[in-house]
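Working notes for the structure below.
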Amino acid sequence: LLEFLESVEVTPILVATKIDKLPASKRKLAVAALRRELDRPLVGYSSVTGDGRDALWKRIMSVSSIDHSEMASPS
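With the working numbering, the residue at position 31 of the sequence shown is 31, and numbering never jumps.
Written as structure tokens, this is what we have:
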């Protein structure tokens, strides 16, 4: 699926969800290991704690074709 998306010039955003299930001391290591394994950018995210929210929004904005100057940051 990733290769197909790239072949049609769609940039996929990979998100490792539920990172709050891991101890805080292991989160960065786990996300880094997934990045290495997949050899692609990946964002760790938790909807419970909000960890990774800013990084995910930055990634979304960086791959979108929307004019960001007129958009407010999400609350």
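We put the beta carbon where it would ideally sit given N, CA and C, even for glycine.
Given the structure is predicted, the values throughout are model-derived calculations rather than measurements.
State whether the segment 25 to 40 contacts the segment 53 to 62, with contact taken as three or more CB pairs (one from each stretch) at a distance under 8 Å.
At 8 Å Cβ cutoff, the stretches do not touch.
Exposed or buried, V10, counting other C-beta atoms within 10 Å across all chains shown (16 or more means buried)?
The residue labelled residue 10 in the question sits at position 10 within the sequence shown. With fewer than 16 other Cβ atoms from the protein chains shown falling within 10 Å of its own Cβ, V10 counts as exposed.
Under a Cβ-count criterion, where at least 16 other Cβ atoms within 10 Å of its own Cβ denotes burial, should V43 be classed as buried or exposed?
Here residue 43 is taken as the residue at index 43 of the sequence shown, counted from 1. When all chains shown are included, V43 counts as buried.
Taking L42 as part of the beta strand (DSSP E), name the residues at either end of that continuous run.
Your numbering for residue 42 matches position 42 in the sequence shown. Element bounds for L42: L42 to G44.
Closer than 7 Å by C-beta to V48: which residues in its own chain qualify, once you throw out the five before and the five after it? Chain order, please.
If you number the sequence shown from 1, residue 48 lands on position 48. Exclusion of the five residues before and after V48 leaves D20 as the residues of its chain whose Cβ lies within less than 7 Å of its Cβ.
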